[in-house]
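J.:
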Amino acid sequence: MSETLLLVRNEGSARILTFNRPEKRNALSVELMRDLDRALEEAAEDSGIRTVIINANGKGFSSGIDLGSLAAVGMGVEPDRFRRLVRMLQGVMNRLAVLEKPVISVIHGFCLGMALELILAGDVRIAEAGCELHIAEVRLGLIPDVGGTTRLVRVVGLPRAKELIMTGKTITAETALSWGLVNELVEPGKGLEAALRWHEEFVQGAPLAVGLAKILLDRAYDLDSASSMALEGLGQSTLYNSEDFREGVMARMQKRTPNWKNK
343 MSETLLLVRN EGSARILTFN RPEKRNALSV ELMRDLDRAL EEAAEDSGIR TVIINANGKG
403 FSSGIDLGSL AAVGMGVEPD RFRRLVRMLQ GVMNRLAVLE KPVISVIHGF CLGMALELIL
463 AGDVRIAEAG CELHIAEVRL GLIPDVGGTT RLVRVVGLPR AKELIMTGKT ITAETALSWG
523 LVNELVEPGK GLEAALRWHE EFVQGAPLAV GLAKILLDRA YDLDSASSMA LEGLGQSTLY
583 NSEDFREGVM ARMQKRTPNW KNK
């Protein structure tokens with residue numbers, strides 16, 4: 343993994359992934375996205391990691407896709423060649439979305455285009471005051487293609503999604519908060535501190551239960567209520583027989599903090 347493009351460190355049981363291309367406004371190159379994909383896979387396999395926090399060095403979170411990646415594909419090429427690039431990028435976003443651990447994004451300065459699509463694939467979005475956001479692919483003659491149209495509708499509703507995507511307009515972090523696009527607005531420089539507070543909230547719950555809750559909540563958008571509740575029953579029957587459920591009950595009875603085993 344390129345430590346130049348993506349910095350990886352732990353803060354307790356939080357895995358912090360930091361975009362590190364400040365001289366390129368943290369543009370999302372193919373190489374950076376591949377590094378992110380590998381880092382997410384490693385976090386998924388590490389039972390000692392409870393949450394993943396994504397942030398960035400420099401003046402802003404990310405300016406979106408690196409136009410050099412598009413130039414490398416070339417203009418007027420066979421559509422399948424471009425689709426291969428899109429499928430790779432979609433794969434990274436989907437890995438982020440299905441990670442059975444909370445993903446917390448911390449944005450500052452600017453979060454544009456594909457970077458906005460990336461944070462939509464996570465679970466919690468924290469914006470520092472003064473941050474600007476847009477998803478302005480239409481102003482390039484394109485459309486969002488790595489989950490933007492799907493996930494933005496789910497987060498802010500169809501009217502707001504149409505407003506943001508079809509105009510390509512820029513909104514402030516304050517507007518994003520009022521739309522429900524971000525969960526929390528903090529002072530500049532306080533984003534990581536806020537993310538670690540969210541981390542502490544998440545680790546109060548059993549890892550298996552938190553992960554399964556994430557899966558069921560995300561699936562609820564695609565299922566009818568009967569199917570969704572059937573999955574709840576199946577999931578609950580699995581958790582009911584887990585060591586962590588027994589630990590949770592004992593900890594409650596003994597008035598102590600649970601010692602989760604992720605089993």
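Heads up, the working numbering is the position in the sequence shown plus 342, with the first residue counted as 1.
All C-beta atoms, glycine included, are put in the ideal place defined by N, C-alpha and C.
Quick one: residues in its chain with C-beta nearer than 6 Å to the C-beta of Ile395, no 5 flanking neighbours on either side, listed in chain order?
T.: Result list for Ile395: Ala356, Ile358, Ile446 and Ala537, in chain order.
J.: Buried or exposed, going by whether 16 or more other CB atoms sit within 10 Å of the CB of Val591?
T.: Looking at its Cβ environment, which holds fewer than 16 other Cβ atoms inside 10 Å, Val591 is exposed.
J.: Among residues of its own chain, excluding the 5 on either side of Ser344, which ones have a beta-carbon nearer than 7 Å to its beta-carbon?
T.: With a pLDDT of 47 at Ser344, under the threshold of 50, the modelled position of this residue cannot be trusted, and the question is left open.
J.: State the start and end residues of the unbroken beta strand (DSSP E) segment that holds Ile396.
T.: Here the beta strand (DSSP E) through Ile396 covers Thr393 to Ala398.
J.: Is the beta carbon of Ile449 closer than 8 Å to that of Arg467?
T.: Closer than 8 Å, so yes.
J.: Check the C-beta distance from Pro444 over to Thr360 and give it rounded, since I have them as a contact under 8 Å.
T.: At roughly 17 Å, the Cβ-Cβ gap does not stay under 8 Å, so Pro444 and Thr360 are not in contact.
J.: On the DSSP letters alone, give me the boundaries of the alpha helix (DSSP H) that Ala562 sits inside.
T.: Run containing Ala562: none; DSSP gives neither H nor E here.
J.: What is the DSSP secondary structure of Asn436, reduced to helix, strand or coil?
T.: Note: Asn436 maps to helix in three-state DSSP.
J.: Let's see if you can read the secondary structure: which residues bound the alpha helix (DSSP H) around Ala610?
T.: Nothing about residue 610 can be read from this structure; the chain reaches only from 343 to 605.
J.: Sort Ala414, Glu470, Val524 and Phe544 by Cα distance to Glu459 and report the nearest one.
T.: Checked all of Ala414, Glu470, Val524 and Phe544; the closest Cα to Glu459 is Val524.
J.: Inspect the CB distances between the region 511 to 527 and the region 470 to 480 and report whether three or more fall short of 8 Å.
T.: A contact exists between the region 511 to 527 and the region 470 to 480.
J.: With DSSP run on the structure shown, which of helix, strand or coil describes His450?
T.: Of the three classes helix, strand and coil, the one that applies to His450 here is coil, per DSSP.
J.: Would you tell me roughly how many angstroms separate the C-alpha atoms of Glu535 and Glu589, rounded to the nearest one?
T.: Taking the straight line from one Cα to the other gives about 30 Å.
J.: Alpha carbon to alpha carbon, how far is Gly406 from Ala309? Give it in angstroms, no decimals.
T.: The structure shown does not extend to residue 309, since the chain is modelled only from 343 through 605, so no value can be given for it.
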